[in-house]
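Engineer:
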Amino acid sequence: MSEPTERQVQILRAVRSWIADHGEGPSVREIADLVGLSSTGSVAYQLARMEALGMISRTDRRWRSIRLGD
Numbered sequence: 416m417s418e419p420t421e422r423q424v425q426i427l428r429a430v431r432s433w434i435a436d437h438g439e440g441p442s443v444r445e446i447a448d449l450v451g452l453s454s455t456g457s458v459a460y461q462l463a464r465m466e467a468l469g470m471i472s473r474t475d476r477r478w479r480s481i482r483l484g485d
């Protein structure tokens, strides 16, 4: 597995914190707000890359079903 980018690390931290506070994963818009991105497309791209690398997974098609990788 390749090393995560700084943006991916930011997203991973934000998701981990959100899940701890809310009990479920954040939406793409919520992730964008948390890491300071204005484009939900950029967030979706990063999430897809992170999923392909095994950093995260989903139990459903929605990003709210996100689970952190090992």
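What the sequence shown shows, in the working numbering, is residues 416 to 485, in sequence order. Yeah, the Cβ is synthetic: ideal placement off N, Cα and C, and Gly gets one too. Values in this document were obtained by computation on a predicted structure and should not be read as measured data.
1) One question on the structure: do residue 430 and residue 481 come within less than 8 Å of each other, judged by their Cβ atoms?
2) Take residue 471 and list the residues in its own chain whose beta-carbon comes closer than 8 Å to its own, dropping the five residues that flank it on each side.
3) On the DSSP bridge list, what partners appear for residue 481?
4) Compute the Euclidean distance between the alpha carbons of residue 441 and residue 479, then round it to the nearest angstrom.
5) Taking the continuous alpha helix (DSSP H) assigned at residue 466, which residues delimit it?
Structural biologist: Straight from the coordinates:
1) Within the sequence shown, numbered from 1, the residue matching residue 430 stands at position 15. Within the sequence shown, numbered from 1, the residue matching residue 481 stands at position 66. Their beta carbons are under 8 Å apart, which means residue 430 touches residue 481 by this criterion.
2) What you label residue 471 is simply residue 56 of the sequence shown in a count that begins at 1. Result list for residue 471: 427, 430, 462, 465, 481, 482, 483, 484, in chain order.
3) If you number the sequence shown from 1, residue 481 lands on position 66. DSSP lists 473 as partners of residue 481.
4) Here residue 441 corresponds to residue number 26 of the sequence shown, with the count starting at 1. Here residue 479 corresponds to residue number 64 of the sequence shown, with the count starting at 1. Using only the alpha carbons, I get a separation of about 5 Å.
5) Residue mapping note: residue 466 aligns to position 51 of the sequence shown, counting from 1. In the DSSP assignment, residue 466 falls within the alpha helix (DSSP H) that extends over 455–467.
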